[in-house]
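Peer 1: Below is the structure I would like to discuss, written out as structure tokens.
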Amino acid sequence: MNPNSNRFLSALAITAIAAVSLNSCKPKGAEAAISGDAASKVYVAPGKYDEFYDFVSGGFNGQMSVYGIPSGRLLRIIPVFSTFAENGYGFSEETKPMLNTSHGFVPWDDLHHIALSTTNGEHDGRWVFANGNNTPRIARVDLKSFRTAEIIEIPNSAGNHSSPFITENTEYTVAGTRFSIPIQGNPDVPINTYKQNFKGTISFVKVDSSTGHMNIAFQILTPGVNFDLSRAGKGKSHDWFFFSCYNSEKANTLLEVNASAKDKDFIMAVNWKKAEQYAKAGKGKMVPAEYAHNIYDEVKHQATSTIEKQVLMLDPKDCPDMIYFIPCPKSPHGTDVDPTGEYIVGSGKLAALIPVFSFTKIQQAIANKTFDGTFDGFPILKYEAVLHGEVQKPGLGPLHTEFDNNGNAYTSMFVSSEIVKWNIKDVKVLDRVPTYYSIGHLSVMGGPTRKPYGKYMIAYNKITKDRYLPTGPELAQSAQLYDISGDKMKMILDFPTVGEPHYAEAIPAEKIRNNSIKIYKIEENQNPYAAKGEAQTKVTRNGNEVHVYMTAIRSHLTPDNIEGIQQGDVVYFHVTNLEQDWDVPHGFAIKNANNAEILIMPGETQTLKYIADKVGIFPFYCTDFCSALHQEMQGYLRVSPKGSNVALMFSTGKNYPAVDTTTKTVKP
Amino acid sequence: MKKKTIWATLLIVVSTMFFVACVDKNPSQKEPLDTQALTSNQSEVHGKEILPGDIQITNPLNAQWVADGKAIYDVKCQSCHKLTDEKLVGPGWKGVTKQRKPEWIMNMITNVDMMLEKDPAAQKLLEECLVRMPNQNLTTDEARKVLEFQRSNDGEK
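Now the structure itself:
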């Protein structure tokens, strides 16, 4: 053997050892956790459909994504709080007002939580709500069109995290402020006056039961803590809403340490029915506020943004017996109500156990005044008096709890990267499965409703690392699907997700799919710039503003030759798609436009604003492959110098004689 | 490695089983939710075949239908069909009512997928025009009005 081959062998040996040790470094059981029939459980054959729609928050991408379950296939991204280059949301003139706020146009926000509308605590498939976390807002997405229909800004709030959770009949969607701030106009005060000047608010946003339109019914002034998450009661606890809060220390710096000092923080229980009565009885005060309310009209295909000027504020000092504090160890994150409405689970993210509170005992403690002091003047219920039980040694870092239809709870454990299944009645741990890695939210099908569907559970993880082929420093997020139909939870799929999912909710496909619209009826199009038929196409000028009323149909744009535009003109291309068949959108783009493109659904009108900044010929075309002659679907815009005598002219299929004096042949 | 091979084999076996199951004419009863059945139940505005004898052709023309048909034409048809015999995207309409049976015209409007699948004349037109006649979502009644307008365009009284 020559020395070289020896070296080769030892290199091989080292590689082998390295490979073995690398394997042993990985958390146990990634593959072992998969059972033999996993593939058949998640395989949705070509042409077949998934059982569930899964609405997944996009986190820092500000959007909402829709996956099919159990396949994990991405079906759609719905733009909500961020502009979306795929369909022109936030770029077209019609959709820009949707992203208007009291601070002007905000093109990008952070979307955390999902709430599917419910009737009697069960999914009704009408709307899905989402919260804008950074610039506090709530959005409503219409599940007929899968489009954002409405966005309302929340004043006197900062970091709208405890949102958009809903009451059982979607009477209200709530918004609890994460940051307490100096409210009513955000005055200029020193930060270290936190304890005097900073307050929290909880907003109850009324949802109209027929139109879905939202308005802020009232805000409740609260102590200056941080609200984290919330859930409405169910059944017997229907009238109540439970908000987890941390930083009862009221720290304004280094919260990592200073807001983690006490053994217990609180779950704030709010009797919202009582609050509603107080509001009706005139106990609140209208206070000045500034917030945007944006509505998309699907008949006009246009959004409007209105700035509201005041909000009704309830001061609990004037509203007795409305708010109680329940001690909860330690910095509670999730506060979740079981399907019966009797049990409220607090997940203290720094706690070594999971407390389960009893609604019946809470009511008894309130009636018997079994209090343990006060917090900012509000009664604190005695911990032991309202406790149903504690789940002992569940794991590390409990965050969120969801429920199945058999009396079991599932809690995500961020620090120990696992989901723990436990029985609600006897608070005993039944099973645990690993997640990859560091799970945040989890979602059981129908988990937050009165009648969970069970069957599947999804882990939405915060760390992805080596789950998929590496794609540089930036990775997709990882999610895992589990079969929970048996006693043991079984991982059956691992799929990447976009953005950074926080909460998600899934709903059986049949509750939505038959209501999904396919086209917008051209007859119903009330857009003021619509051209319903080519006979209505035209180009009009008003000063330096030019409006092009254009139509698109396979495979031409009308007009497709436009002359008489002058440098500096602001040109609005109002494109109406005359198609009336499903899945035949047309796109529109013009060379050098600095405002992206637009995509127009059948029967819809959308507008691209274009500034003619330079003289020349500017081609435009359809950007969505629509037919065999898609590549022919194009036209030209002629931009002449300012003050030119080229007449405004537009046509399709005609070649007018070149009459104007500036006509010349350009020689190469 | 060996483990992976087993997995791959298993996957192939499982997918083969699925494939076989799909070929089977009796759909599996095990499926928890037959979402496929829901698709076929979806209501469509168009799609019901119009048979000879379903439509009455009468004279004089119904003036209201002619006017309604013209209004529909302006919004939904005119982009592609001229009223002369000149072809634009689709053929011009002059003479169409002389050349085609009423039910052929109406099926072409409300039932275009069926026509392009079955009807040799429709297929020949697609070869010439290369753009599928779009489904413009007309009801049978609306298609009948368009037909009345076409008859008027062909000089019927």
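From first to last, the protein sequence lines are chains Z and V. With the first letter of the first sequence counted as 1, position 44 gets the number 44 in the UniProt record's numbering; the numbers rise by one all the way through. With the first letter of the second sequence counted as 1, position 79 gets the number 79 in the UniProt record's numbering; the numbers rise by one all the way through. Where is the CB? At the ideal position from N, CA and C, for every residue including glycine.
Answer with yes or no whether the minimum CB distance from aspartate 85(V) to chain Z is below 7 Å.
Peer 2: Here residue 85(V) is taken as the residue at index 85 of the second sequence, counted from 1. Chain Z, which has no Cβ nearer than 7 Å to the Cβ of aspartate 85(V), makes this no.
Peer 1: Measure the CB-CB distance between glutamate 181(Z) and phenylalanine 198(Z) and report whether it falls below 7 Å.
Peer 2: The count along the first sequence starts at 1 and reaches residue 181(Z) at position 181. The count along the first sequence starts at 1 and reaches residue 198(Z) at position 198. Looking at the sequence provided, one finds isoleucine at residue 181(Z) rather than glutamate. Yes, these two residues count as a Cβ contact at 7 Å.
Peer 1: Should valine 75(V) be flagged as near chain Z, meaning a C-beta pair shorter than 7 Å?
Peer 2: Along the second sequence, one-based indexing puts residue 75(V) at 75. Closer than 7 Å: yes.
Peer 1: Please check the pair phenylalanine 573(Z) and tyrosine 610(Z), which I expect to be a contact at CB under 8 Å, by giving their CB distance rounded to whole angstroms.
Peer 2: Translated into positions along the first sequence, residue 573(Z) becomes position 573. Translated into positions along the first sequence, residue 610(Z) becomes position 610. Correct: roughly 6 Å between the Cβ atoms.
Peer 1: In three-state terms, what does DSSP make of proline 134(V)?
Peer 2: Residue numbering aside, residue 134(V) sits at position 134 when the second sequence is read from its first letter. Looking at proline 134(V) - three-state DSSP - the assignment turns out to be coil, as it is neither helix nor strand.
Peer 1: For chain V, find out if any of its Cβ atoms is closer than 7 Å to the Cβ of arginine 76(Z); answer yes or no.
Peer 2: By one-based count along the first sequence, residue 76(Z) stands at place 76. No, arginine 76(Z) lies away from the interface with chain V (no Cβ there is under 7 Å from its Cβ).
Peer 1: Assign alanine 232(Z) to one of two classes, buried (16 or more other C-beta atoms within 10 Å of its C-beta) or exposed (fewer than that).
Peer 2: Here residue 232(Z) is taken as the residue at index 232 of the first sequence, counted from 1. When all chains shown are included, alanine 232(Z) counts as buried.
Peer 1: Under the DSSP definition of a beta bridge, which residues are partnered with aspartate 336(Z)?
Peer 2: Walking along the first sequence from the start, residue 336(Z) turns up at place 336. Bridge partners of aspartate 336(Z): Val345(Z).
Peer 1: Do glycine 587(Z) and threonine 558(Z) come within 7 Å of each other at the CB atom, strictly closer than that value?
Peer 2: Taking the first residue of the first sequence as position 1, residue 558(Z) is located at position 558. Taking the first residue of the first sequence as position 1, residue 587(Z) is located at position 587. No, these two residues do not count as a Cβ contact at 7 Å.
Peer 1: Measure the alpha-carbon distance for asparagine 186(Z) versus histidine 301(Z) and round it to whole angstroms.
Peer 2: For the purposes of this step, residue 186(Z) is taken as residue 186 along the first sequence, with counting starting at 1. For the purposes of this step, residue 301(Z) is taken as residue 301 along the first sequence, with counting starting at 1. Rounded to whole angstroms, asparagine 186(Z) to histidine 301(Z) spans 35 Å at the Cα level.
Peer 1: Check aspartate 54(Z) in the structure and name its three-state DSSP category.
Peer 2: Your numbering for residue 54(Z) matches position 54 in the first sequence. Strand, per DSSP.
Peer 1: Within the same chain, show all residues whose beta-carbon is closer than 7 Å to that of lysine 451(Z), passing over the 5 residues directly before and after it, in chain order.
Peer 2: Along the first sequence, read from residue 1 onward, the residue named residue 451(Z) stands at position 451. Closer than 7 Å at Cβ, skipping near neighbours: Glu122, Pro339, Asn405.
Peer 1: With 16 as the cutoff for other CB atoms within 10 Å, does glutamate 342(Z) come out buried or exposed?
Peer 2: Sequence index remark: in the first sequence, residue 342(Z) carries index 342 (1-based). Buried, by the Cβ-count rule.
Peer 1: Is the distance from the Cβ of isoleucine 517(Z) to the Cβ of valine 75(V) below 7 Å?
Peer 2: The count along the first sequence starts at 1 and reaches residue 517(Z) at position 517. The count along the second sequence starts at 1 and reaches residue 75(V) at position 75. Not in contact: isoleucine 517(Z) and valine 75(V) (Cβ atoms no closer than 7 Å).
Peer 1: Could you work out which residues of chain V lie near serine 555(Z), taking near to mean beta carbons separated by less than 8 Å?
Peer 2: By one-based count along the first sequence, residue 555(Z) stands at place 555. Residues of chain V passing the Cβ test: Val89, Val131.
Peer 1: Quick check: the Cα distance between proline 27(Z) and valine 141(Z), rounded to an integer number of angstroms?
Peer 2: Locating residue 27(Z) in the first sequence gives position 27, where the first residue counts as 1. Locating residue 141(Z) in the first sequence gives position 141, where the first residue counts as 1. In this predicted model, proline 27(Z) has a pLDDT of only 47, less than 50, meaning its place in the structure is not dependable; the value taken from the coordinates is given anyway. Taking C-alpha positions only, proline 27(Z) is separated from valine 141(Z) by approximately 39 Å.
Peer 1: Going by CA-CA distance only, name the one from Phe414(Z), Asn294(Z), Ile326(Z) that's closest to histidine 388(Z).
Peer 2: Stepping through the first sequence from its first residue, residue 388(Z) is reached at position 388. The residue with the shortest Cα to Cα distance from histidine 388(Z) is Ile326(Z).
Peer 1: Quick check on the DSSP output: what are the complete alpha helix (DSSP H) runs of length 4 or more inside the region 72 to 138 of chain V, in order along the chain?
Peer 2: 96 to 99, 102 to 110, 112 to 118, 120 to 129
Peer 1: In terms of residue numbering, what span does the beta strand (DSSP E) encompassing aspartate 372(Z) cover?
Peer 2: If you number the first sequence from 1, residue 372(Z) lands on position 372. Note, aspartate 372(Z): beta strand (DSSP E), 371 to 375.
Peer 1: Find the residues of chain Z that neighbour glutamine 79(V), judging by a C-beta separation of less than 8 Å, and give them in chain order.
Peer 2: Locating residue 79(V) in the second sequence gives position 79, counting from the first residue. Looking at the sequence shown, residue 79(V) is not glutamine but serine. Those within 8 Å of serine 79(V) in chain Z are Gly533, Glu534, Thr551, Ile553, His556, Thr558, Leu578.
Peer 1: Tell me the rounded alpha-carbon separation between arginine 76(Z) and valine 66(Z).
Peer 2: As a first step, residue 76(Z) is located in the first sequence; it is residue number 76 there, counting from the start. As a first step, residue 66(Z) is located in the first sequence; it is residue number 66 there, counting from the start. If you take the alpha carbons of arginine 76(Z) and valine 66(Z), they lie about 5 Å apart.
Peer 1: With DSSP as the reference, label proline 288(Z) as helix, strand or coil.
Peer 2: If you number the first sequence from 1, residue 288(Z) lands on position 288. Proline 288(Z): strand per DSSP, three-state reduction.
Peer 1: Measuring CB to CB, does residue 683(Z) end up less than 7 Å from threonine 177(Z)?
Peer 2: This structure does not reach residue 683(Z), given that chain Z is present from 1 up to 668, and the question cannot be answered.
Peer 1: Around the Cβ of phenylalanine 105(Z), are there at least 16 other Cβ atoms within 10 angstroms (buried) or fewer (exposed)?
Peer 2: Stepping through the first sequence from its first residue, residue 105(Z) is reached at position 105. Exposed is the call here.
Peer 1: Give a yes or no on whether 7 Å exceeds the smallest Cβ distance from glutamine 123(V) to chain Z.
Peer 2: Along the second sequence, one-based indexing puts residue 123(V) at 123. So, not an interface residue.
Peer 1: Could you name the residues of chain V that valine 205(Z) contacts, counting a contact when the two beta carbons are closer than 8 Å?
Peer 2: The sequence position of residue 205(Z) within the first sequence is 205, counting from 1. Within 8 Å Cβ-Cβ: nothing; valine 205(Z) doesn't reach chain V, min ~34 Å.
Peer 1: So who's on the other strand from leucine 387(Z), going by DSSP bridges?
Peer 2: Here residue 387(Z) is taken as the residue at index 387 of the first sequence, counted from 1. BP columns for leucine 387(Z) point to Phe357(Z).
Peer 1: Quick check: what's the CA-CA separation for alanine 158(Z) versus asparagine 134(Z)?
Peer 2: Residue 158(Z) sits at position 158 when you count from the first residue of the first sequence. Residue 134(Z) sits at position 134 when you count from the first residue of the first sequence. Straight-line Cα distance between these residues: approximately 7 Å.
Peer 1: What are the boundary residues of the alpha helix (DSSP H) that includes glutamate 142(V)?
Peer 2: By one-based count along the second sequence, residue 142(V) stands at place 142. Start and end: 140 to 153.
Peer 1: Please report the residue range of the alpha helix (DSSP H) in which tyrosine 278(Z) lies.
Peer 2: One-based indexing of the first sequence puts residue 278(Z) at position 278. Here the alpha helix (DSSP H) through tyrosine 278(Z) covers 272 to 280.
Peer 1: How would you write the range of the alpha helix (DSSP H) that asparagine 215(Z) sits in, first residue to last?
Peer 2: For the purposes of this step, residue 215(Z) is identified with residue 215 of the first sequence, where counting begins at 1. Not the alpha helix (DSSP H): asparagine 215(Z) falls in the beta strand (DSSP E), residues 214 to 222.
Peer 1: Does isoleucine 295(Z) pass the burial test, meaning 16 or more other C-beta atoms within 10 Å, or should it be called exposed?
Peer 2: The residue you call residue 295(Z) lines up with position 295 of the first sequence. Burial call: buried.
Peer 1: Residues of chain Z with a CB under 8 Å from the CB of histidine 137(V): which are they?
Peer 2: The residue given as residue 137(V) occupies position 137 in the second sequence. Note on identity: in this sequence residue 137(V) is asparagine, with histidine being the wrong assignment. Within chain Z, the residues near asparagine 137(V) are Ile519, Lys521, Gln580, Asp581.
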